[in-house]
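Engineer: If you scroll down you'll find the structure; I have some questions about it.
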Amino acid sequence: MGIETEEVEKTRTRKRPRLGWDVAPSGLEAHQTLAKARRSSPPKRDDDHDGHYVFNLGENLTPRYKILSKMGEGTFGRVLECWDRQTGEYVAIKIVRSIRKYHDAAMIEIDILQHLAKNEKGTSGCVQIRNWFDFRNHICIVFEKLGPSLFDFLKRNKYSPFPVDLVREFGHQLLESVACVWIVLGSTLSSFLL
């Protein structure tokens with residue numbers, strides 16, 4: 002920690018007063034707490050100040066998924082490239098920030114993606130959900146690993162414009178996907194959003 006960070010830590014005020022349940026349990030209560038801790042996951046690592054999961058490359062997200070690289074970051078969370086030990090393939094895992102509104106939005110996203118996967122027979126052009134789980138208060142959505150995003154592709158090509166025919170093809174694919182989603186989800190979509 003730098004000197005500047007230490008000074009900020011010293012001057013930071015406590016957000017809330019210490020409550021009675023903040024103190025360590027004693028007796029039978031301590032024994033029950035210890036037994037519960039043995040059944041739970043490893044100690045929780047603190048999230049960053051924005052609620053993002055803090056990770057290290059090469060560590061296991063769960064026993065099934067090994068973190069290989071960071072693919073991207075957005076408003077809702079981060080996307081990590083992981084190795085799925087069970088299927089033997091690379092996957093993209095979206096780790097949603099541990100903030101209630103993003104958690105709720107992720108659950109709606111999961112419902113829609115699962116409904117779409119069950120009913121669309123691979124014609125929507127939408128990314129396919131493989132799995133999802135809650136890991137240390139972060140919703141994690143496992144997707145098939147695809148290529149770079151359109152933005153990353155543009156950035157790598159120094160923002161060179163696409164040929165008009167390619168832009169038309171992008172538009173065509175986008176409209177086909179939206180039409181398929183509308184046909185498959187139809188009236189169900191409004192129930193997800195309400």
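Numbering of the sequence shown is given in my numbering, commencing with residue 2 and proceeding in unit increments. Beta carbons are placed, not taken as given, at the ideal position from N, Cα and C, and that holds for glycine.
How close, in whole Å, do the beta carbons of residue 118 and residue 109 come, if the pair is a contact with beta carbons under 8 Å?
Structural biologist: At roughly 15 Å, the Cβ-Cβ gap does not stay under 8 Å, so residue 118 and residue 109 are not in contact.
Engineer: In whole angstroms, what separates the C-alpha of residue 50 from that of residue 102?
Structural biologist: Going by the C-alpha atoms only, they are around 16 Å apart.
Engineer: Name the DSSP beta bridge partners of residue 100, please?
Structural biologist: In the DSSP output, where bridge partners are listed per residue, residue 100 has none listed.
Engineer: Where residue 52 and residue 72 are concerned, what is the direct C-alpha to C-alpha distance, given to the nearest angstrom?
Structural biologist: Near 18 Å, if we compare the C-alpha coordinates of residue 72 and residue 52.
Engineer: Given a threshold of 16 other Cβ atoms within 10 Å of its Cβ, counted over all protein chains shown, does residue 70 qualify as buried or as exposed?
Structural biologist: With fewer than 16 Cβ atoms within 10 Å of its Cβ, residue 70 is classed as exposed.
Engineer: At 4 residues or longer, what runs of the alpha helix (DSSP H) sit wholly inside the stretch 87 to 147?
Structural biologist: You should have 101 to 120.
Engineer: Would you tell me roughly how many angstroms separate the C-alpha atoms of residue 40 and residue 137, rounded to the nearest one?
Structural biologist: The predicted position of residue 40 is uncertain, since its pLDDT is 39 and thus under 50; a value taken from the coordinates is nonetheless stated next. Straight-line Cα distance between these residues: approximately 14 Å.
Engineer: Count the other C-beta atoms from every protein chain shown that fall within 10 angstroms of the C-beta of residue 107, then say buried if there are 16 or more, exposed otherwise.
Structural biologist: Under this definition residue 107 is a buried residue.
Engineer: For residue 1, count the other beta carbons within 10 Å of its own beta carbon; 16 or more makes it buried, fewer makes it exposed. Which is it?
Structural biologist: Summary: the structure shown does not reach residue 1, with the chain confined to residues 2 through 195, and so no result is reported for it.
Engineer: DSSP puts residue 68 in a beta bridge; with which residues?
Structural biologist: 83, per the DSSP bridge assignment.
Engineer: Let's see if you can read the secondary structure: which residues bound the alpha helix (DSSP H) around residue 47?
Structural biologist: Per DSSP, residue 47 belongs to no alpha helix (DSSP H) and is neither H nor E.
Engineer: Given this structure, state the Cα-to-Cα distance separating residue 186 from residue 177, to the nearest angstrom.
Structural biologist: Taking the straight line joining both Cα atoms gives about 14 Å.
Engineer: Can you name the residues that DSSP bridges to residue 78?
Structural biologist: Beta-bridge pairing links residue 78 to 97.
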